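Encoded as structure tokens, the structure appears first; notes follow it.
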Amino acid sequence: MSYVAKPIYGATVPENLRLLGYARVSTKEQTRYSESLDTQKDALTRWASANGHTLLGIICNDEGESGRLPFARRSDLKDAIARLDRREPGGPQGLLFMRLDRLSRNLLHTIELAERGLQHGWQLVCMQEEIDYATANGRLFLQMRMSMAQYESAQTAERVAYGMTMVRLRARRSQSRRTPFGYRLDAADGPFENAKRARDDRNRKVGLPDSRILVENPAEQRLLARIVKSMASCRPNEVGAGAYRLVKEFRLEGVTHPRGSVWYVASIKNIYLTAIRHRHQRAHYARQGEPDAR
178 MSYVAKPIYG
188 ATVPENLRLL
198 GYARVSTKEQ
208 TRYSESLDTQ
218 KDALTRWASA
228 NGHTLLGIIC
238 NDEGESGRLP
248 FARRSDLKDA
258 IARLDRREPG
268 GPQGLLFMRL
278 DRLSRNLLHT
288 IELAERGLQH
298 GWQLVCMQEE
308 IDYATANGRL
318 FLQMRMSMAQ
328 YESAQTAERV
338 AYGMTMVRLR
348 ARRSQSRRTP
358 FGYRLDAADG
368 PFENAKRARD
378 DRNRKVGLPD
388 SRILVENPAE
398 QRLLARIVKS
408 MASCRPNEVG
418 AGAYRLVKEF
428 RLEGVTHPRG
438 SVWYVASIKN
448 IYLTAIRHRH
458 QRAHYARQGE
468 PDAR
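Once you know that position 277 of the sequence shown is 454 in our numbering, the rest is easy, because the numbers rise by one and skip nothing.
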């Protein structure tokens, strides 16, 4: 397999550059398969050799790091960029990486790094994507390519967050100590230890937060049904007024809040809007043939 030099800016890559390689994976799947660190390191080494460059080393300690992370928070890469800026005799003259999204998935960070390279006289060299950053067309292409990488990353994050929420709802589980009004945590489900995800020694989130099964609270369900029935006839701009009427009714009737607090307009509105949102979720599951969720 032949390797062709493709600079991130400049029409050609000068011969015999001294380069630092950079490899990154963000998931275990990439670590396991085609984009593993070993695969990237091998490709960088062969590319540098085939194009007459000297590879001074490969930075590959960012396994599991997101491409959205600023360069300043990737300690080894931060040190490598500072080394490039110093332009020491016999030191590196460029940063080599496999693809733009292996370097970063943030448009602003990548543009700032490209500008920094131009200012300090070193190059960003990409194996698979040719971008002439010295021209207007090259800058436009870089911005478009990084915008797509940033979009893909944000879309993946949204899908993961949505998927975790849906799994939790299908299982009628809560990851919050504040359960929805009308429900309680199942005491038989074990102790609720931590509503936050644990972190490893590098302060990265790992695993899933503890969760508990939700079961209906009969007393709160009766009040919830009354609130929803009373508020159902309110137009969107009348929700506040409807909540105010209910607060007055509860106080006149001596209806106490089952959780020991005082009835407020804001609390009534929140209970009602949460119930409506859950109703829409249950309707969605019914259309999709999914189990009910709370």
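Positions of the beta carbon are idealized from the N, C-alpha and C atoms, including for glycine. Values in this document were obtained by computation on a predicted structure and should not be read as measured data.
Of the candidates 297, 446, 311 and 435, 435 places its Cα closest to the Cα of residue 359.
With distances taken between CA atoms, residue 226 lies nearest to 194 out of 203, 194 and 265. Nearest C-alpha to residue 404 among 421, 393 and 336: 421. Closest in C-alpha terms to residue 437, from the list 332, 257, 397 and 236, comes 397.
Residue 196 is a Cβ neighbour of residue 302, given a cutoff of 8 Å. Residue 281 sits buried, since 16 or more C-beta atoms from the chains shown fall within 10 Å of its C-beta.
Within the model, the alpha-carbon separation for residue 272 versus residue 336 is close to 32 Å.
Along the length of the region 265 to 324, whole alpha helix (DSSP H) runs at least 4 residues long occupy 277 to 280 and 284 to 297, reported in chain order. Sorting 408, 286, 249 and 322 by C-alpha distance to the C-alpha of residue 305 places 322 at the top. In this structure, DSSP gives residue 234 an extended state, which the three-state scheme calls strand. Nearest in C-alpha terms to residue 268, of all of 299, 324, 311 and 236, is 299.
Taking C-alpha positions only, residue 291 is separated from residue 192 by approximately 20 Å. For the set 254, 219, 246 and 313, the Cα lying nearest the Cα of residue 236 is the one of 254.
Contact between residue 198 and residue 221 holds, since their C-beta atoms are separated by about 4 Å, short of 8 Å. Under the rule that a run must span 4 or more residues, the alpha helix (DSSP H) segments found entirely inside the region 393 to 419 read 395 to 408.
Measuring C-alpha to C-alpha distances from residue 446 to each of 428, 432, 401 and 276 identifies 401 as the nearest. Assignment of residue 195 by DSSP, reduced to helix, strand and coil, places it in the strand class. The continuous beta strand (DSSP E) containing residue 362 extends over residues 360 to 362. Residue state for residue 246 is assigned as coil, using DSSP reduced to three classes. CA-to-CA, the gap between residue 320 and residue 266 works out to about 32 Å. As the crow flies, the alpha-carbon of residue 432 is around 20 Å from that of residue 452.
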